[in-house]
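Trainee: Shown below is the structure under consideration.
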Amino acid sequence: MRESTGMDLETVKQESARLGMWAHIATVTPDGAPHVVAVHPSWHEDMLYTATSPGSVKVRNLRHEPRTSFHWQVGDTTGFDSLIVHGTTVVVDDPALHRRLWEGVFDYDLGMFWKGPDDPGLCYLATMPTRAVVLRMFGANGREEWLASTS
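Here the sequence shown is numbered in the numbering used here, starting from 2 and rising by one per residue.
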């Protein structure tokens, strides 16, 4: 992977943890309109995962356009730093990965929302990050960027 300004993917993961558990995912509707919702993503290896419903608007949008952006919100508790992760997102179809994700990747109890890893109302989104930007105090104190390797 190629890094810019000294940031690597591990630093991106650390920044997402520092900035909090909540992010907003931006998708695009089939007619080109933006759609943004709050999610609770979690890293597993080098992928960013989100649990959701297969009938959600974001899933419908991803079937049309897989490019997404995640934004970890600025606030006084973060020194007004933020993180934006861009990537390509797909719906996970692998039952073994469903079980692995259910059993400890997320830092909250998925059982609050779904009956188990085979619940038909549960699906996972897997995002392969392609670019990330950390803005220090809205960018006034600098920015760091990571780019995935194109090879």
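Here a beta-carbon is modelled for each residue, glycine too, at the ideal position from N, C-alpha and C.
(1) Could you say if the stretch 58–67 and the stretch 99–117 meet the contact criterion of at least three C-beta pairs nearer than 8 Å?
(2) Around the Cβ of residue 78, are there at least 16 other Cβ atoms within 10 angstroms (buried) or fewer (exposed)?
(3) Inspect the CB distances between the stretch 92–101 and the stretch 31–42 and report whether three or more fall short of 8 Å.
(4) Just to confirm, is the Cβ distance from residue 48 to residue 151 under 8 Å?
(5) Per the DSSP calculation, residue 130 is bridged to which residue(s)?
(6) Using the Cα positions of residue 119 and residue 105, report the straight-line distance between them to the nearest angstrom.
(7) Using 8 Å as the threshold, is the C-beta distance between residue 88 and residue 131 below it?
(8) So, are the CB atoms of residue 37 and residue 24 less than 8 Å apart?
(9) By DSSP, does residue 123 sit in helix, in strand, or in coil?
Mentor: Taking the coordinates as given:
(1) no
(2) Against the sequence shown, residue 78 aligns to sequence position 77. Counting Cβ neighbours within 10 Å, residue 78 comes out exposed, since fewer than 16 surround it.
(3) no
(4) Along the sequence shown, one-based indexing puts residue 48 at 47. Along the sequence shown, one-based indexing puts residue 151 at 150. No, the pair does not count as a contact, with Cβ atoms beyond the cut-off.
(5) By 1-based counting over the sequence shown, the position of residue 130 is 129. Paired residues: 88.
(6) Working through the sequence shown from its first residue, we reach residue 119 at position 118. Working through the sequence shown from its first residue, we reach residue 105 at position 104. Taking the straight line from one Cα to the other gives about 15 Å.
(7) The residue labelled residue 88 in the question sits at position 87 within the sequence shown. The residue labelled residue 131 in the question sits at position 130 within the sequence shown. Against a cut-off of 8 Å, the Cβ pair of residue 131 and residue 88 comes out as a contact.
(8) For the purposes of this step, residue 37 is taken as residue 36 along the sequence shown, with counting starting at 1. For the purposes of this step, residue 24 is taken as residue 23 along the sequence shown, with counting starting at 1. Going by C-beta atoms, residue 37 is not nearer than 8 Å to residue 24.
(9) Residue 123 sits at position 122 when you count from the first residue of the sequence shown. Coil, per DSSP.
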